[in-house]
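Numbering (the UniProt record's numbering), first residue to last: 1 to 366. For each residue, glycine too, the CB sits at the ideal point set by N, CA and C. Below: one structure, written as structure tokens.
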Ligand SMILES: Cc1ncc(COP(=O)(O)O)c(C=O)c1O
């Protein structure tokens with residue numbers, strides 16, 4: 001058994017959790033069917049009232065002409081970038097070195113589409129307007145991931161975002177938003193989804209991050225763009241005869257949780273304050289700008305893991321199911337605040353943090 005499985009299984013046994021919406025089990029999908037009429041027709045290969053209504057609803061929410069439902073964001077985004085590259089006749093896109101396409105998609109963009117990435121900024125910080133201006137190469141498209149997940153979910157100032165958008169527009173560079181967590185950043189920016197999306201030519205959003213559905217994605221833009229994405233969805237094998245289980249869960253949890261993003265964001269800010277009071281512990285960003293942040297521990301992974309496992313057993317409260325080593329003497333984890341945090345009383349939070357402070361201050365002492 002690996003150490004990760006050990007902390008994972010200890011986490012799975014906890015009743016209360018600081019992060020997430022609760023277990024990902026089949027019940028999550030079953031709940032969404034309760035209010036459905038069983039005579040409702042399935043969508044068929046991307047057509048039918050069921051899928052079309054959801055696409056229209058999301059296009060309106062995101063302030064775009066049209067939207068297409070995809071089984072995954074991985075598929076939707078590779079297709080979006082392929083379309084923009086084909087239009088410009090240049091297979092080059094710029095993005096962050098730690099974006100999802102670069103590190104989590106087995107080089108799909110390069111191997112399936114022959115698109116070459118131009119990496120901007122470095123692994124520790126966000127892309128700035130200067131990075132875009134000084135990229136040194138022609139590109140068809142710039143992809144921005146908001147928030148930038150692998151560096152704790154950081155965000156540029158809104159003015160910087162507007163400046164990047166205006167520059168791309170002037171230069172004829174298409175701007176695509178990886179908005180896997182777009183809903184989660186609305187409270188920080190104090191903007192509507194449509195206002196943010198208006199800065200971009202195309203946008204992808206996910207229904208299983210803060211929304212907490214089963215899986216699924218929307219790709220949105222003008223009608224010409226979304227129409228062009230449909231044959232690509234078929235070529236990628238994503239034009240399933242029935243996508244309704246994913247659409248039902250996306251719509252159900254969207255309705256349940258879209259109004260709770262402020263609550264999750266405030267929860268993340270409170271929690272980060274608590275973590276920053278613990279020894280050997282710092283959050284990135286120090287003050288979260290969405291429902292997510294990273295916690296860095298200045299101690300070896302195995303020691304922090306053991307401290308957390310003991311804490312979960314003693315309190316029944318879980319913090320995270322995994323830790324990743326940075327080097328021999330430090331490690332980190334990611335927290336995304338969801339429904340579970342609200343189940344904890346302030347007394348429980350005080351208890352878990354006073355214990356954590358005690359355990360972390362004892363680390364390394366024989
Ligand atoms: C920032 C970001 N972009 C894209 C994706 C891809 O989404 P999917 O899992 O639906 O392919 C993810 C998934 O974790 C993500 O975090």
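- prompt: Under 7 Å from any heavy atom of ligand 1, does the C-beta of residue 321 make it?
  reply: no
- prompt: Are the beta-carbon atoms belonging to residue 110 and residue 139 less than 8 Å from one another?
  reply: no
field: Presumed contact (8 Å Cβ cut-off) between residue 16 and residue 348, rounded CB distance
entry: 7 Å
task: Enumerate, from N- to C-terminal direction, the unbroken beta strand (DSSP E) stretches of 3 or more residues contained entirely within the region 166-223.
output: 174-179, 202-206, 217-221
field: With 16 other Cβ atoms within 10 Å as the buried cut-off, status of residue 1
entry: Note that residue 1 has pLDDT 39, beneath the 50 cutoff, so the model's placement of it is unreliable and no number is given.
- prompt: Looking at C-beta atoms only, is the number of pairs between the region 246-255 and the region 209-218 that lie closer than 8 Å three or more?
  reply: yes
- request: Can you tell me which of 48, 80, 44 puts its alpha carbon nearest to the alpha carbon of residue 240?
  value: 44
- request: With hydrogens ignored, establish whether the beta-carbon of residue 77 is closer than 7 Å to any heavy atom of ligand 1.
  value: yes
message: Under 7 Å: does the beta carbon of residue 152 sit that close to some heavy atom of ligand 1?
response: no
task: Provide the residue span of the alpha helix (DSSP H) that contains residue 350, from first to last.
output: 346-362
- request: Check the DSSP bridge columns for residue 318 and list the partner residues they point to.
  value: 17
- request: Check whether the region 191-207 touches the region 60-71, counting contact only when three or more Cβ pairs, one atom from each stretch, lie closer than 8 Å.
  value: yes
- prompt: Which residue or residues does DSSP assign as beta-bridge partners of residue 292?
  reply: 336
- prompt: Helix or strand or just coil, what does DSSP make of residue 283?
  reply: strand
query: Tell me which same chain residues have a C-beta within less than 7 Å of the C-beta of residue 134, skipping the five on either side of it?
result: none
- prompt: So what does DSSP say about residue 260, is it helix, strand or coil?
  reply: helix
message: Does residue 251 come out as helix, strand or coil in the three-state DSSP assignment?
response: helix
Reference residue 206; option with closest CA among 187, 258, 171: 258
- prompt: From what residue to what residue does the beta strand (DSSP E) around residue 87 run?
  reply: Note, residue 87: premise wrong, no beta strand (DSSP E); alpha helix (DSSP H) at 73-88.
- prompt: Does the beta-carbon distance from residue 323 to residue 333 come in below 8 Å?
  reply: yes
- request: Could you say which of 49, 80, 127 lies nearest to residue 41 if we only look at CA atoms?
  value: 49
Residue 213 CB to nearest heavy atom of ligand 1 below 7 Å: no
query: Does DSSP put residue 310 in a helix, a strand or coil?
result: helix
query: According to DSSP, what are the bridge partners of residue 54?
result: Its beta-bridge partners do not exist; DSSP assigns none.
query: Nearest CA to the CA of residue 304: which residue from 360, 355, 292?
result: 360
field: Local Cβ density within 10 Å of residue 127, reported as buried at 16 or more and exposed below that
entry: buried
- prompt: Can at least three beta-carbon pairs, one atom from the region 141-148 and one from the region 50-60, be found at a separation below 8 Å?
  reply: no
- prompt: Considering only C-alpha positions, which residue in the set 276, 131, 321 is nearest to residue 298?
  reply: 276
query: Opposite residue 143 in the DSSP bridges: which residues?
result: 176
task: Keeping to the same chain, check which residues put their C-beta closer than 7 Å to that of residue 243; ignore five residues upstream and five downstream.
output: 43, 51, 69, 71
field: residue 116, enclosing beta strand (DSSP E) - first and last residue
entry: 116-119
field: Residue environment, residue 220, which counts as buried when at least 16 other CB atoms sit within 10 Å
entry: buried
message: For the region 335-346 against the region 279-299, do three or more pairs of beta-carbon atoms, one drawn from each stretch, fall closer than 8 Å, so that the two count as touching?
response: yes
query: Nearest-angstrom Cα distance between residue 113 and residue 75?
result: 12 Å
- prompt: Less than 7 Å between the CB of residue 389 and some heavy atom of ligand 1, yes or no?
  reply: In the structure as shown, the chain begins at 1 and stops at 366. Residue 389 is therefore absent and cannot be evaluated.
query: Sorry if obvious, but does the Cβ on residue 72 come closer than 7 Å to a heavy atom of ligand 3?
result: Of the ligands one can find in the structure shown, namely ligand 1, none is ligand 3.
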